[in-house]
Structure formats: structure tokens, C-alpha cells
Amino acid sequence: MPTDDIALPDGHVRITPAQRDRALAALRDAAADERLRFEELEARSDAVLRASTRDDLASVLYDLLPGAALEATVSDLLPVSSAPGMSWDTPLLFEGEHWWKTRQIRGEWDVPPFIEVVASQGSVLLDFLQARPLSPVIDMTLTSSWLGGLTLVVPRGWGVDVTSFPSAMSLVSTAIPTRPQAGLPRIVVRGSAGASFNARYATTRELRRAGLAG
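Quick note: the sequence shown, position 72, residue 72 per full-length UniProt numbering, numbers continuous.
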């Protein structure tokens, strides 16, 4: 299966039982969603059971999961937890509440690897200045309308990847590099057509509020 476009960290590293279990769960979910036929489920499950490295797992799952979710599934970096945002099918959800008021998430908070933002009724702002990322890759999906949008405030050194947006039909504004500095997280944002999105660095006022002004 083609995995040339997947840049997995340490793809040669041997997998653990927990990684194999996550891959099998992803296959079962795909079959339940009718994205895999029964015979495909059997064949791919056998391949997972025979897999020995991260690249082996990626070759089985490459067309079932988006890039960030694929990386998180085959890596050994996800904490074991049933909390919202710790798996692809149960993301941490933020919803805009009123078109005249932006819902703001600021201060200290744990950032799980999977986040969903629904800004159809109002805008949402996620401030990561004091946030604690739980994964090196954060997979974020956005649904919005003309009534709302999403703004990310990120520390310098973080990466924000918006290459999955349908650019011709979305309002996307970002000057943040796609690739983060070593040791810092990358946010991969996927939006629906018509989504409004902005990623930026903090203002002086926001830095003061967070106690980070020099």
C-alpha cells in the first residue's frame, strides 16, 4: 500500500501490543462505518497481527485515517485514557454559543490529540499560550458558517498545518509555519467548505495576561 507521502517518526521502531490493539480498533470502526468490506477487514486484521513496525501498521491504515490520527494511532505517544479527545472517534468538542460573542478558552488547559470545533452559531478562540499539549500532533476539525469562525493563538515555535482546507471555498488566514520547532507540537486543522479560520501569535496584551511578557 502506498505510504510514501506519510512521514512517520521512527517508522522502523517495533510496535507494542497497545499499538496493535489501537490499529485493530481502527479497522473495526472502519468496518462498522462501511468503509471496509468484511473480506478487507479480515485481510487487514491479519496484516496488523503480523505487523512488527510502525511502518507496517501505517501501510494497513493509510487510507482510513487522516495524517495526524494515523501518526497518533501507530505511535506510542498517546496516554491511555478514555477522556474526551484521547481518541479519534471521541474528540474534545468546543462549540460557539452566540453569534455576537466569541467563546474563549484561555489559561492552563490540557490539549488532547483530537479536537473538534463547531462554530456554526458563534466564534471560538483557543489560546494555547499556557496550554499543555498531550501529543506532538494535534488533529483538529472545524465546521463553521458566516455566523462564526475559529481563531488559534499559538506560542512561537508551534506549527499549524492548514493544507487540508478546501482553500478555494474557505477563509483561511495564517502566518504560522507548518512545521514546528523541534520538540514542539504541530496542529493539523481540517475544515469544511466555507469555514473561517485564523491562526496567529499572541498580542502584547495577551502575553501580559498570561504572564509571559518580557
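Built from N, CA and C at the ideal position, the CB exists for glycine as well.
Given the structure is predicted, the values throughout are model-derived calculations rather than measurements.
- Segment contact: the region 90-108 against the region 182-196, fewer than three CB-CB distances shorter than 8 angstroms; contact not assigned.
- Membership of L57 in any beta strand (DSSP E) is not indicated; the residue belongs instead to the alpha helix (DSSP H) covering 54-61.
- Annotated three-state conformation of F38 is helix, per DSSP.
- Three or more pairs of CB atoms, one per stretch, sit closer than 8 angstroms, so the region 14-32 contacts the region 40-59.
- Of T73, S120, V154, S173, the smallest CA-CA separation from G148 is found for S120.
- Nearest C-alpha to P17 among I115, R54, S82: R54.
- Spatial neighbours of P91 in its own chain (CB-CB distance under 6 angstroms, excluding positions within 5 residues in sequence) are listed in chain order as G85, F114, I115, E116.
- Pairing R132 with G211, the inter-Cα distance amounts to about 16 angstroms.
- The Cβ-Cβ distance between L129 and A202 falls below 8 angstroms.
- A residue is called buried once 16 or more other Cβ atoms fall within 10 Å of its Cβ, and Q19 is buried on that count.
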